[in-house]
Amino acid sequence: MTKHIALEYGQYNIRSYSVALGDVYTNTMRRSPSRNELVKAKNENKMKILGQPEEVDKFIVSSSGENFSFSTGNTIILDGVK
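Residues 1178 to 1259 (the working numbering) make up the sequence shown, in order.
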């Protein structure tokens, strides 16, 4: 769908991205998993951290600005893996 939107609407200078998230430490995650499950989730990526919602927000805002003006039709992976 991301590629299709990019192809269809690129002529109107509309960019399309999808974001694939790893484990992000949200309110739901704070309430649901046990301590052991949180540690396991944290250790699943190379950086050994959980993402923060603010980091996702910053990426979304940045990608919608002119810094990404020559990019479209991409899935951006935010998962803590370098």
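Yeah, the Cβ is synthetic: ideal placement off N, Cα and C, and Gly gets one too.
Host alpha helix (DSSP H) of residue i (start-end)
i, result
"Thr1252", "It is not in any alpha helix (DSSP H) - Thr1252 instead sits in the beta strand (DSSP E) that spans Asn1251 to Leu1255."
"Ser1240", "Pro1230 to Ser1240"
"Met1206", "Asn1204 to Arg1208"
"Val1216", "Arg1212 to Asn1220"
Residue i - partner residues in DSSP beta bridges
i, result
"Leu1184", "In DSSP, Leu1184 forms no bridge with anything."
"Tyr1194", "Asn1251"
"Val1201", "Gly1228"
Residue i and residue j closer than 7 Å at C-beta
i, j, result
"Ile1226", "Gly1257", "yes"
"Ser1193", "Thr1252", "no"
Problem - Cβ contact (3+ pairs, closer than 8 Å) linking the segment 1202-1215 and the segment 1241-1255 - result: In short, these stretches do not touch, since the Cβ pair count stays below three.
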